[in-house]
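S.K.: Residue 117 is where the sequence shown starts when you use the numbering used here, and the numbers rise one by one after that.
Glycine included, every Cβ here is placed at the ideal spot set by N, Cα and C.
Before I ask anything, let me first share the structure, which is written out below as structure tokens.
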Amino acid sequence: MKKITSTQNSLIKEIVLLKEKSRERRKSGTFVIEGLREVQLALKGGYQLNRILFYNDICPVVKIEELVRTCNFTPDLIEISKEVYQKISYRQTTEGIIAIANTKKHSLEELSFKNNTPLILVAEAPEKPGNIGALLRTADAAAVDAVIIANPKTDLYNPNIIRSSVGCVFTNQIAAGTTQEIIKFLKDRNIQINCAALTASVNYHTIDYTNPTAIVVGTEATGLSDEWLENASRNIIIPMQGEIDSMNVSVSAAIIIFEAKRQRSFN
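Shown next, in the form of structure tokens:
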């Protein structure tokens, strides 16, 4: 087993770059996972881990060996010093474990559904990692069949998305594509497109969500593009009774998704 005690080690410098630069993640096809729960969820989600680094005082080697026994592959195990751990960790409360994993393609063609009436969340051009993380947490809580990101502005493996999603980036089936590609994908499969919009909309709770359904949300600043609204099966709206006309995108998505789940008897 290797041991790294210097913050100037080339692998440690590589990890810092992977955490800070999406360009480095794209070029290498790898990303950084921090935290025991997140690593466990990544393994459950079928991610391949190349290396596991651990600070023995927080995460004893026996715990790492126990984790590795659940893998069908053998990652490199590297013990690191306190100084190195502090250099590469965002938080000091993540159980002393950091892993490097391979990214996935997240193509539309790879999506598969367990039944004939999938429930899909589509988010167009989300930018803020916190909002993306919250959307993924909502999708996991409702066990939607897929999350699709249209015209993504932020790398899915941004550490802030992994952290804010509490690892739900690994528990959801996720794909990405252009708005045009996704609309074609949904229409080819006769999936109803329900767009959250302020204009020409019906109240969200009056819609039947028991058929194959996509719930499409846009950004709080600009909403959905015209292309989505022109191709929608219907536009839906959450009735607002206060002084403002919009809510956080993840909150809006959660309200609509759980109405759909209620209609489906939470199946």
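Do the CB positions of R305 and I323 come within less than 8 Å of each other?
M.R.: Not in contact: R305 and I323 (Cβ atoms no closer than 8 Å).
S.K.: By DSSP, does Q85 sit in helix, in strand, or in coil?
M.R.: The displayed coordinates of the chain run from 117 to 383. Any statement about residue 85 would go beyond what the structure contains.
S.K.: Can you tell me where the alpha helix (DSSP H) holding N347 begins and where it ends?
M.R.: Taken as a continuous stretch (DSSP letters only), the alpha helix (DSSP H) holding N347 covers 342-347.
S.K.: Taking 8 Å as the cut-off, decide whether the C-beta atoms of S366 and N247 are in contact.
M.R.: Yes. Within cutoff.
S.K.: Which residues in the same chain have their Cβ closer than 7 Å to the Cβ of T123, if we skip the five residues on either side of it in sequence?
M.R.: Within the same chain, T123 has close Cβ partners E199, V200, K203.
S.K.: Should the stretch 339-355 be called in touch with the stretch 313-323, which here means at least 3 C-beta pairs below 8 Å?
M.R.: Yes, since at least three Cβ pairs between the stretch 339-355 and the stretch 313-323 fall closer than 8 Å, the two stretches touch.
S.K.: Are W71 and E240 close, meaning C-beta to C-beta below 8 Å?
M.R.: Only positions 117 to 383 of the chain appear in this structure, which leaves residue 71 out of reach.
S.K.: First and last residue of the beta strand (DSSP E) that includes K119?
M.R.: Note, K119: beta strand (DSSP E), 118-120.
S.K.: Nearest CA to the CA of N172: which residue from R380, G212, L165?
M.R.: Out of R380, G212, L165, G212 has the C-alpha closest to the C-alpha of N172.
S.K.: As a quick exercise: from F189, N276, S228, pick the residue whose alpha carbon is nearest that of Y206.
M.R.: Nearest option by C-alpha distance: N276.
S.K.: Smallest Cα separation from P268: which of T315, A258, G334?
M.R.: Measuring from the Cα of P268, the nearest candidate turns out to be G334.
S.K.: Have a look at the DSSP bridge pairing and note the partners of Q308.
M.R.: According to DSSP, which records beta bridges pairwise, Q308 is partnered with T329.
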